[in-house]
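As given, the protein sequences belong to chains E and W, one line each in that order. Just so we're aligned, residue 1 is where the first sequence starts under our numbering, counting upward by one. Just so we're aligned, residue 458 is where the second sequence starts under our numbering, counting upward by one. Ideal placement from N, C-alpha and C gives every residue a C-beta, glycine not left out.
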Amino acid sequence: MGWLNVGTKAAGEKAVANYDEDSLTMGVAAAMDCIRGIDRENVEGLNFATTTSPFIERPAAVMTATALDLKPDIRTADFGNSIRSGVGALLSAVDTIKARSAKSILVCASDSRVGKAGSTHEQSCGDGAAALLIGEGDVVATLEGSHSVSYDFVDYWRTEGERYDRSWEDRWIRDVGYSKFIPEAINGLLKKYNLDVKDFAKIIYPSTYPREHVSIGKKLGAEETQIEEPIFSSVGDTGTAYPLMMLVAALEDAKPGDKILIASYGNGSDALFFQVTDNIKKINDRRGIKNHLASKKELNSYEKYASFRDVLDTEIGRRMEDIAPTHLSVLWRERRMVLGLCGSKCQRCGTPQFPSQLVCAKPGCGAIKEMESYRFSDKKGNVFTYSADNLAPSPCPPAIYGVIDFVGGGRCIFDLTDCELEDLHVGMPVEMTFRRRYRDQLRGISGYFWKATPGRG
Amino acid sequence: MAEGIKDKVAIIGMGCTKFGEQWEKGAEELMVESFVEALEDAGLEKKDISAAWFGTSYEETNVGKTAIPLALTLKLPFIPATRVENWCATGSEALRGACYAVAAGAYDVCLALGVEKLKDVGYGGLPQPETQWGTRQRLIEPNKTAPGTFAMMATRYFSQYKITPEEGKRMLATVSAKSHANGARHPKAHLRRAVTVEQIMNSPIVAWPLGLFDCCGVSDGSAAAIVVRADEAKKYRPDPVYVKSLQISASSGEELLYTDWDWTHVIATEHAAKMAYDETGIKDPRNEISMAEVHDCFSITEAVTMEDLGFSSRGKVKDDIMSGRFNLDGPQPIQPDGGLKCFGHPVGASGLRMVYEMYKQFQGKAGDRQIKDPKYGLTHNMGGIPAVNIVSTIIVGL
């Protein structure tokens, strides 16, 4: 769309969500990466920040907690309405723990913002999410302090029912907001805690104006090497997830003893600083930013992007119009199975099975109601057989699905995503990913479930 | 001790409409057509029918629920009428109901009629399944179609028996080419053009590896049967056809949920066939079953069914297919009327259409598709997908 707007000349790439992803699914994916190997019993709260929640009423935090199969007696809260809300959710989590109201809180920040075709907003917005587990004890970094400034600076705004942000003049945003608030919050923090900018190994803040991003650093008196690469030209501006995603990237390279400074931008700024501990060496098995970028897939079609994001009003066909109603009472009963991918494991013969069963599926066992809950969402599997279907209606045909045999037992047919027919073979290893299954626009509800996908390393 | 059904029931009349995209005819007209043909064939009048079994599957895009559409359309005079449904095995299920009723001595003359009007749906293919799977399943059911699930069976079959995709597609194309050659000779078939193996292999992919000619079409049609007790049959006609077995088998859930099954065959077919062979007294199906109409919704289904019915050895059907064993002029003709491949699959009617072909063959009325001196005819009618299904196996003879 560069032909429309000479302003859209920046170089680089941006991360784009697939047709079956949105802020909720990305938040779940980030959370799954975050709590790899951690006992979910120990997660006592969840904060979810986004400006692009699939629902205005039906909290993403609770849906995420259900997808992660967390226990129900936890605190949850949604944060939204501003691209500063991710850091706000983080600050709130820290304060909740300090107040001894919870021992651990999972903070998810996720955004999938969309701009009108041909806009600079469209060019710069990337889709992404980050998740941090906040708690006490063996932490990899401690939050040492923060300083916030808040202004009703109406650079971007969006009212109910509108898809696209509106904005005022870029030069004004850049000169009066962006290049002022971030230094104000950071300098306020330095003064509050008697710190010098040189104390920090990494200084992180979003880049919406690349040249200003550099000059903010200079005006702070920081060296170029201290400024965290703002992933603007490899991921894009991921809205409220942006500062937290950069924090994750910084932690991937951090050494024990490093001080890290991070500031958000949006209607003011929140500045925080962390101190990295020895435990940073223990979490080297996360995908984070590096491994996700390393396993990226290219989307070479603007039309596909535009149709995935509903910028282009595509023909869905009469077959896709036949959407069954969502029976919420059934969804409630089966929420652990549907959102949490929990099946059952027979207590008599030990066979895992999905969907969850009352009567054991193993030939010869026959146990009735002797099942325990068994989580499949974090299990690996292999493709037993598959097909690519041109008849099944799909926003991105062909519809690919396969029979998945899980390591440890269990077999079920699942949709496959983030892959093409050419990528598939019998025996291919897969993992499970939480995705949007359908959008029922007639009844105003979206449905979510899990699909299989080739592992991303 | 249960006695089974062998030689207790005879078919004395059958009807079948032309199958196809019948834009000018609704389900009502199709029902009347097959009913009238069956009555004329039996030499009976409507008042002679004691009870009726009605088979239709996708009722909400078609006639609606209950047996009332049948009773209302045909103006059945307040006789017992029952609707049955078992996915694609619905037609066979209707025949089962009618046959068991006369065998039990409860009624003298029973009607089984199946109909499906699929072409009012408004798009190609079967009605969108997600409204068909019940409230629990539709929250998690993958976005799959019938071609896709059987395609998965082909993928696995090729992989397991070390057949390259090209060899596999050629094997499947041979199956469909054979059926098309037969269907071209049947005046009531939907598709009546012979096609070559090359044409089939080069046709567009529907669900990999299945292409257009590996998949049966969607069509409208109706078929009907009139049955009486075997010892009364000769009162109605000199050449009745006798029912030897009416077996069905329903999936237990093991194939879908447990990891033992290999996705290269259909367990319920083996069960239904074994029960049918035991009941009929057949020990060597490969040589004793003279002819068969099987559920060739997809070419791969027909191929593995040959193994599941015991016509071919496990993993070896390719040799039989490529050697022409199942051609009309081969030792064991399969789909002499062209099968689902050429008739399409009006779901409630197909099971009865299969019996119609066997019936006409035994009566020497199959024209230039006539098989010489058949002894036993088998119909195999399968509803569902490889992992979850209901399979009917019916054997008829003289």
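- Lysine 574 of chain W has its alpha-carbon roughly 60 angstroms from the corresponding atom of isoleucine 134 of chain E.
- Within the region 359-377 of chain E, the residues whose Cβ lies closer than 7 angstroms to some Cβ of chain W are Ala361, Lys362, Pro363, listed in chain order.
- Note that the C-beta distance between leucine 293 of chain E and serine 234 of chain E is below 8 angstroms.
- Assigned with DSSP and collapsed to three states, methionine 1 of chain E falls in coil, not helix or strand.
- Apart from the 5 residues on each side of it in sequence, lysine 775 of chain W sits with its Cβ closer than 6 angstroms to the Cβ of Met628 in its chain, given in chain order.
- Taking every protein chain shown into account, the CB of methionine 458 of chain W has fewer than 16 other CB atoms within 10 angstroms, so this residue is exposed.
- With a 10 Å radius around the Cβ and a threshold of 16 neighbouring Cβ atoms, threonine 547 of chain W comes out buried.
- Here phenylalanine 819 of chain W carries a helix assignment [DSSP, helix/strand/coil].
- Beyond the five residues adjoining it in sequence on each side, serine 507 of chain W comes within less than 7 angstroms, by CB distance, of Ile536, Tyr564, Asp565, Val566, Cys567 in the same chain, given in chain order.
- Secondary structure note for alanine 399 of chain E: it is in no alpha helix (DSSP H), and the uninterrupted beta strand (DSSP E) holding it is 399-406.
- DSSP places asparagine 382 of chain E in the uninterrupted beta strand (DSSP E) bounded by 381-389.
- Contact between the region 107-122 of chain E and the region 218-225 of chain E is absent, with fewer than three C-beta pairs closer than 8 angstroms.
- Counting C-beta pairs with one atom in each stretch, the region 826-838 of chain W and the region 744-756 of chain W have three or more that are closer than 8 angstroms, which means they touch.
- Scanning its chain for C-beta atoms nearer than 7 angstroms, with the 5 sequence neighbours on each side dropped, one finds around aspartate 498 of chain W the residues Gly470, Met471, Gly472, in chain order.
- Assigned with DSSP and collapsed to three states, arginine 595 of chain W falls in coil, not helix or strand.
- When DSSP states are grouped into helix, strand and coil, asparagine 187 of chain E belongs to the helix group.
- Uninterrupted beta strand (DSSP E) stretches at least 3 residues long and entirely within the region 142-212 of chain E occur at 202-204, given in chain order.
- The Cβ-Cβ distance between threonine 513 of chain W and glycine 805 of chain W falls below 8 angstroms.
- Among the residues facing chain W, alanine 388 of chain E is included, as its CB has a counterpart in that chain under 8 angstroms away.
- Contact between the region 334-342 of chain E and the region 362-378 of chain E is present: 3 or more CB-CB pairs across the two stretches fall below 8 angstroms.
- DSSP links leucine 106 of chain E through a beta bridge to E:Leu46, E:Leu133.
- Threonine 737 of chain W sits away from isoleucine 842 of chain W, with the two beta carbons spaced by 8 angstroms or more.
- Contact check for alanine 687 of chain W against tyrosine 699 of chain W passes: the beta carbons are separated by less than 8 angstroms.
- For proline 622 of chain W, the nearest beta carbon of chain E is not closer than 8 angstroms to its own beta carbon.
- Contact between the region 659-668 of chain W and the region 810-819 of chain W is absent, with fewer than three C-beta pairs closer than 8 angstroms.
- In the DSSP assignment, cysteine 34 of chain E falls within the unbroken alpha helix (DSSP H) covering 23-34.
- Beta-bridge partners assigned by DSSP to serine 679 of chain W: W:Val572.
- If you look at lysine 798 of chain W, you'll find it in the alpha helix (DSSP H) that goes 796-800.
- Take the alpha-carbon of tyrosine 557 of chain W and the one of proline 666 of chain W: they are about 41 angstroms apart.
- Short of 8 angstroms from the beta carbon of glycine 27 of chain E, and not among the five residues preceding or following it, lie these beta carbons of its own chain, in chain order: Phe48, Thr50, Ala60, Thr64, Cys108, Ala109, Ser110, Ala129, Ala131.
- Residue pairing by DSSP leaves glutamate 736 of chain W without any beta bridge partner.
- A straight-line Cα-Cα distance of about 51 angstroms links asparagine 519 of chain W and cysteine 34 of chain E.
- Between valine 149 of chain E and serine 301 of chain E, the beta carbon gap of about 42 angstroms keeps them out of contact (Cβ cut-off 8 angstroms).
- Of the candidates E:Asp418, E:Ala271, E:Arg435, E:Gly80, the residue whose Cα lies closest to the Cα of lysine 191 of chain E is E:Ala271.
- Within the region 66-110 of chain E, the complete beta strand (DSSP E) segments of 3 residues or longer fall at 75-79, listed in chain order.
- Phenylalanine 768 of chain W carries a coil assignment under DSSP once its states are collapsed to helix, strand and coil.
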